[in-house]
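Chains as they are written, first to last, in the working numbering: chain G, 35 to 145; chain P, 183 to 333.
Data block below; observations after.
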């Protein structure tokens with residue numbers, strides 16, 4: 035799993051490439067904490083290259099949403115692949131996260 | 183792609199997170215190698231990760247070393263996962279579903295894994311307790327109208 039970031043105005047786009055499972059999710063958790071330390075408050079998680087997510091990965095995203103909400107920030111998601119979308123829908127996470135078709139749409143929606 | 187060959191994967195690991203990590207990687211390689219279509223391949227990997235994580239984290243009342251046995255067979259129609267552990271009696275089919283209506287601040291961070299797997303396999307799961315073993319069997323249909331997943 036690789037993480038890459040780019041800044042679009044005040045919105046940070048974080049792309050996940052690969053699998054978000056029990057093994058890799060601590061790295062996403064550490065990255066979110068690092069971004070929050072850097073005072074980033076608006077995050078789009080670009081999932082276009084996210085091929086797999088398990089409940090361990092969902093937990094880290096939920097934790098991120100809680101942390102950001104506590105400091106007045108927001109996190110949203112974009113560009114799901116089919117199976118990842120199904121897992122999000124089944125877990126009810128679409129009620130927690132705003133999900134956009136593309137990261138550009140997400141950035142526009144947050145700006 | 184139609185699966186005509188019967189393929190099998192069998193492994194015993196200890197209740198150890200590092201061993202589980204290697205196992206999950208090997209299971210995903212196995213389903214790729216036998217060209218299981220995208221969706222069932224995902225479900226097989228998810229079921230193994232979620233159910234075995236659960237066993238390792240919550241199944242044992244002592245700090246000792248335990249064996250967990252995993253068997254996966256694919257017969258063209260279904261992938262069948264059989265998991266066997268000697269932890270305390272636990273029937274995942276009786277686990278309560280998560281409350282999906284809670285606001286973000288109140289949603290517990292755990293409890294989702296079993297629910298996700300049950301939903302992904304439409305509850306095609308059986309549980310038995312035999313001679314001190316939990317035996318969980320999960321059946322995943324292998325649709326043949328889909329392309330196999332790339333690496």
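From the three backbone atoms N, C-alpha and C, an ideal C-beta is built for every residue, glycine too.
- Item | Limits of the unbroken beta strand (DSSP E) element including residue 253(P) | 249 to 256
- Using the C-alpha atoms, what's the distance from residue 37(G) back to residue 325(P)? 32 Å
- Message: Going by beta-carbon coordinates alone, are residue 131(G) and residue 90(G) separated by less than 8 Å?
- Response: no
- Message: With a threshold of 8 Å between beta carbons, is residue 71(G) in contact with chain P?
- Response: no
- Hey, quick one: how far does the alpha helix (DSSP H) through residue 200(P) stretch, first residue to last? 199 to 215
- Message: To the nearest angstrom, how far is the alpha carbon of residue 313(P) from that of residue 189(P)?
- Response: 28 Å
- Looking at residue 62(G) and residue 46(G), is the spacing between their C-beta atoms short of 8 Å? no
- Message: According to DSSP, simplified to helix, strand and coil, what is residue 35(G)?
- Response: coil
- Message: Given a cut-off of 8 Å on the beta-carbon distance, is the pair residue 85(G) and residue 107(G) in contact?
- Response: no
- Message: Using C-beta distances below 6 Å, list every residue in its chain close to residue 75(G), excluding the 5 sequence neighbours before and after it, in chain order.
- Response: 107
- Query: When the Cα atoms are used, what is the spatial distance from residue 268(P) to residue 249(P)?
  - Reply: 8 Å
- Query: Just the Cα atoms here: how many angstroms apart are residue 319(P) and residue 274(P)?
  - Reply: 11 Å
- Query: What is the DSSP secondary structure of residue 66(G), reduced to helix, strand or coil?
  - Reply: helix
- How far does the alpha helix (DSSP H) with residue 193(P) in it reach, from first residue to last? Careful: residue 193(P) lies outside any alpha helix (DSSP H), inside the beta strand (DSSP E) at 189 to 196.
- Item | Minimum Cβ-Cβ distance from residue 107(G) to chain P less than 8 Å | no
- Message: By the DSSP assignment, the alpha helix (DSSP H) with residue 120(G) in it spans what residues?
- Response: 116 to 125
- Query: What separation, rounded to the nearest whole angstrom, lies between the Cα atoms of residue 65(G) and residue 231(P)?
  - Reply: 23 Å
- Query: Could you give the distance in angstroms between the alpha-carbon of residue 48(G) and the alpha-carbon of residue 311(P)?
  - Reply: 45 Å
- Query: DSSP state of residue 138(G), grouped into three classes?
  - Reply: helix
- What's the call for residue 235(P), buried or exposed, on a 16-neighbour Cβ count within 10 Å? buried
- My guess is that residue 118(G) and residue 59(G) are in contact by the Cβ rule of under 8 Å, so how many angstroms apart are they, rounded? Contact flag wrong, Cβ pair sits at about 14 Å.
- For the stretch 116 to 131 of chain G, enumerate the residues whose C-beta is nearer than 8 Å to any C-beta of chain P, in chain order. 116, 117, 120, 121, 124, 125, 126, 129 and 130
- How would you call residue 224(P), buried or exposed, if buried means at least 16 neighbouring beta carbons within 10 angstroms? buried
- Message: Could you pull the DSSP bridge partners for residue 98(G) from this structure?
- Response: In the DSSP output, where bridge partners are listed per residue, residue 98(G) has none listed.
- Message: Closer than 7 Å between beta carbons: that is the criterion. Which residues of the stretch 277 to 291 of chain P meet it against chain G?
- Response: 282, 286, 287, 289 and 291
- Message: Using CA atoms only, rank isn't needed, just tell me which of 256(P), 305(P) and 287(P) is closest to residue 217(P).
- Response: 256(P)
- Message: If you measure between the beta carbons of residue 315(P) and residue 266(P), is that distance less than 8 Å?
- Response: yes
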